[in-house]
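Asker: The listed protein sequences correspond, in order, to chains A and B.
According to the UniProt record's numbering, the first sequence is numbered sequentially starting from 1.
According to the UniProt record's numbering, the second sequence is numbered sequentially starting from 1.
2 protein chains.
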Amino acid sequence: MKPTEKDVLNDITTWILSANKYVHEHLNSINDIRSKSGEYDLVTSIDDAVEQMLDKNISDKYPESLIIGEEKKEKDYSQINNGLVFFVDPIDGTLNLVKKHDCFAIMIGVYYDGEPLCAGIMDVMNNELYWGGMETGVYCNDTKLNPAVDLPLREGLVGVSWRQFLKNAFEEIRIAKNSAGIRVMGSAGLEFVEVITGKHIAYLASLNPWDIAAGNVLVQALGYRISSVNGNSINLAKVNHIMVANPQTYRDIRKIQAY
Amino acid sequence: MKPTEKDVLNDITTWILSANKYVHEHLNSINDIRSKSGEYDLVTSIDDAVEQMLDKNISDKYPESLIIGEEKKEKDYSQINNGLVFFVDPIDGTLNLVKKHDCFAIMIGVYYDGEPLCAGIMDVMNNELYWGGMETGVYCNDTKLNPAVDLPLREGLVGVSWRQFLKNAFEEIRIAKNSAGIRVMGSAGLEFVEVITGKHIAYLASLNPWDIAAGNVLVQALGYRISSVNGNSINLAKVNHIMVANPQTYRDIRKIQAY
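If you want it as structure tokens, here you go:
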């Protein structure tokens with residue numbers, strides 16, 4: 001049976017706030033920093049612990065659900081459009097956590113039968129939880145956020161992931177030069193937060209499903225546009241080159257790409 | 001007569017904290033947003049007001065001193081190596097102030113006979129004042145900061161200004177690819193702060209004298225290396241392509257450039 005958005009939101013926000021508390025208490029005792037696929041794709045004792053906490057929370061409460069987690073060794077995408085699915089990124093921006101003790105997030109995105117249900121993104125160091133769903137709207141802690149701002153590309157800042165940016169596969173450099181400027185934060189979750197708070201007007205990056213899932217819910221709940229950079233729908237079973245933007249900027253970017 | 005570092009520090013930190021209070025009180029009533037040299041080189045009513053406050057503070061207390069300010073129409077560099085000189089950036093990162101209400105700084109750098117004396121950089125939205133001098137060392141609010149970390153380039157994050165980065169005139173892209181990653185913040189002052197707190201290991205950018213002056217004092221007081229990217233000394237009478245880094249990273253960057 002499909003759980004209510006409100007019930008799942010109550011659960012995930014409670015779990016994320018507990019995980020946030022754990023991270024603050026253990027920030028000065030990070031150990032076991034390991035590389036995964038690449039030299040700078042890091043995982044730490046904190047990623048492991050938060051993943052275990054969130055997995056246990058989810059499995060205890062929703063034993064029938066599927067969990068797709070960044071740190072899970074085996075990821076089964078065959079059932080992601082059936083029933084309740086939790087996408088979990090215990091620490092998004094681990095490189096920032098390790099190098100800066102700043103600018104990283106805890107994220108959960110929840111889907112039912114492949115459709116966005118609700119999500120939470122925790123900006124850990126600012127103690128700000130961005131949470132909401134398609135019916136609920138989106139909040140930062142207790143404050144309701146406004147629907148999408150709508151500005152042209154030239155009037156706003158664009159977040160990018162720098163390695164992707166340099167490849168310029170989707171005209172990122174020309175898009176940047178037609179904007180007010182680019183910024184690079186190193187956390188997909190916090191880049192989504194910049195967009196939903198209207199601080200950035202777009203975000204372009206190559207991302208894994210657990211990097212996208214939570215932000216995808218929140219931006220859609222506020223009326224922002226999100227798709228693959230070539231205009232296709234997001235596919236949460238694979239890496240996507242995404243673009244998220246307010247409606248006017250989305251059109252401006254598509255025009256530049258078509259030019 | 002040369003004033004003591006301690007006395008000037010007491011003055012500039014008091015003035016910066018007052019200016020910080022003013023900015024917080026007027027953040028939601030920014031008006032008169034104008035472009036200067038380029039479309040995105042902005043100045044607002046807040047830049048104007050903070051400049052006037054700081055100029056009056058300086059002129060009343062040190063009437064013989066020279067002030068070089070971002071928003072001053074006429075900048076006289078002929079006397080910058082004689083006596084007491086204040087470099088003032090009332091708002092560093094005005095584009096961020098306007099678009100994000102976040103990630104901007106108030107900066108004063110003080111020199112005597114062309115030598116660094118003391119400085120303050122205020123991270124306004126975090127209410128953190130980074131201040132110090134060559135004898136005093138460097139503090140964040142009441143906490144003394146440690147001397148320079150010393151890590152190789154490959155182990156840390158590098159801040160860059162993105163337009164300069166794309167020109168790649170000084171091998172910025174190869175430097176980036178040999179680091180743990182790049183970040184783009186859009187505020188020179190806060191990029192200096194990332195270096196002096198050890199969060200970033202280097203910063204490369206093309207900057208005006210008032211963007212450099214305060215950071216130049218604080219990084220030298222902590223033992224970081226700073227120069228023009230070609231190895232020459234900083235010249236506070238003109239735009240400089242600067243590189244600031246911990247000693248080991250500085251050597252790594254110079255090696256890449258010489259390669």
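For every residue, glycine included, the Cβ atom is placed at its ideal position computed from N, Cα and C.
Any beta carbon from chain B within less than 9 Å of A/N96's own beta carbon?
Answerer: yes
Asker: I believe B/Q248 touches B/L151 by the beta-carbon criterion, under 8 Å. Please report the beta-carbon distance rounded to the nearest angstrom.
Answerer: 6 Å
Asker: Could you give the first and the last residue of the continuous alpha helix (DSSP H) run that contains B/N96?
Answerer: From DSSP, the alpha helix (DSSP H) with B/N96 extends over 94-100.
Asker: Candidates B/N81, B/Y111, B/A169: which alpha carbon is nearest B/A205's?
Answerer: B/A169
Asker: How many Å lie between A/L84 and A/A213 at the Cα?
Answerer: 13 Å
Asker: Thinking A/L222 and A/P116 are a contact (beta carbons under 8 Å), I'd like their distance in whole angstroms, please.
Answerer: Between A/P116 and A/L222 the Cβ distance is about 12 Å, and since that is not below 8 Å, they are no contact.
Asker: Beta-carbon within less than 8 Å of B/A19's beta-carbon, same chain only, minus the 5 sequence neighbours each way: which residues are those?
Answerer: V50, M53, L54, P90, I106, M122
Asker: Apart from the five residues on each side of it in sequence, which residues of its chain come closer than 6 Å, Cβ to Cβ, to A/G109?
Answerer: F87, A119, A213, A214, V217
Asker: With which residues is B/H241 paired in a DSSP beta bridge?
Answerer: B/S206
Asker: Report yes if the C-beta distance between B/K2 and B/Y112 is below 9 Å; otherwise report no.
Answerer: Going by C-beta atoms, B/K2 is nearer than 9 Å to B/Y112.
Asker: If you check the beta carbons only, do B/K75 and B/G69 fall under 9 Å apart?
Answerer: yes
Asker: Which residue marks the beginning of the beta strand (DSSP E) containing A/R183, and which one marks its end?
Answerer: If you look at A/R183, you'll find it in the beta strand (DSSP E) that goes 181-183.
Asker: Under a Cβ-count criterion, where at least 16 other Cβ atoms within 10 Å of its own Cβ denotes burial, should A/Y259 be classed as buried or exposed?
Answerer: Its Cβ having fewer than 16 others within 10 Å, A/Y259 is exposed.
Asker: Taking only the alpha-carbon atoms, compute the straight-line gap between B/P63 and A/F192 and give it to the nearest angstrom.
Answerer: 49 Å
Asker: Measuring alpha carbon to alpha carbon, tell me which of B/D211, B/F165, B/G132 ends up nearest B/F104.
Answerer: For the set B/D211, B/F165, B/G132, the Cα lying nearest the Cα of B/F104 is the one of B/D211.
Asker: For a test of the three-state rule: what should DSSP assign to B/M125, helix, strand or coil?
Answerer: coil
Asker: Just reading off the alpha helix (DSSP H) that A/I58 is part of, what are its end residues?
Answerer: 45-61
Asker: Verify the CB distance criterion: does A/L190 have a CB-CB separation below 9 Å to chain B?
Answerer: no
Asker: What residues in the stretch 132-156 of chain A bring their beta carbon closer than 9 Å to a beta carbon of chain B?
Answerer: R154, E155, G156
Asker: Assuming B/V158 is part of the beta strand (DSSP E), what are its boundary residues?
Answerer: 157-160
Asker: If we cut at 9 Å on Cβ distances, does B/M185 have a partner in chain A?
Answerer: At least one chain A Cβ lies under 9 Å of B/M185.
Asker: Would you kindly report the start and end of the unbroken beta strand (DSSP E) that includes B/G69?
Answerer: Per DSSP, B/G69 is one residue of the beta strand (DSSP E) stretching across 66-69.
Asker: State the beta-bridge partners of B/T143 as determined by DSSP.
Answerer: Checking the DSSP bridge columns, you'll see B/T143 partnered with B/C140.
Asker: Let me make sure I understand the geometry here. Which of B/N10, B/R254, B/I196, B/K177 has the alpha-carbon closest to that of A/K167?
Answerer: Residue B/K177 is the option with its Cα nearest to A/K167.
Asker: My guess is that B/G93 and B/L190 are in contact by the Cβ rule of under 8 Å, so how many angstroms apart are they, rounded?
Answerer: 7 Å
Asker: Can you name the residues of chain B whose CB is closer than 8 Å to the CB of residue 263 of chain A?
Answerer: Here chain A has residues from 1 to 259 only, and residue 263 of chain A is not among them.
Asker: Where does B/I91 fall in DSSP's three states?
Answerer: strand
Asker: Answer with buried or exposed for A/N240, where buried requires no fewer than 16 other C-beta atoms within 10 angstroms of its C-beta.
Answerer: buried
Asker: If you compare alpha carbons, which of A/E171, A/V138, A/I58, A/Q164 is closest to A/D11?
Answerer: A/I58
Asker: Let me see if you follow: with CB-CB separation under 9 Å, is B/A176 close to chain A or not?
Answerer: yes
Asker: Cα separation between A/I256 and B/D142?
Answerer: 49 Å
Asker: Just how far apart, CA to CA, sit B/D41 and B/L95?
Answerer: Going from the Cα of B/D41 to the Cα of B/L95 covers about 7 Å.
Asker: Given a cut-off of 9 Å on the beta-carbon distance, is the pair A/L236 and A/Y77 in contact?
Answerer: Here A/L236 is near A/Y77, since their CB atoms are less than 9 Å apart.
Asker: Based on the DSSP output, what are the partners of B/S35 in its beta bridges?
Answerer: B/L42
Asker: Chain A beta carbons: is any one of them nearer than 9 Å to that of B/W162?
Answerer: yes
Asker: On the criterion of 16 or more Cβ atoms from any shown chain inside 10 Å, does A/K99 qualify as buried, or is it exposed?
Answerer: By the neighbour-count rule (16 or more Cβ atoms within 10 Å), A/K99 is buried.
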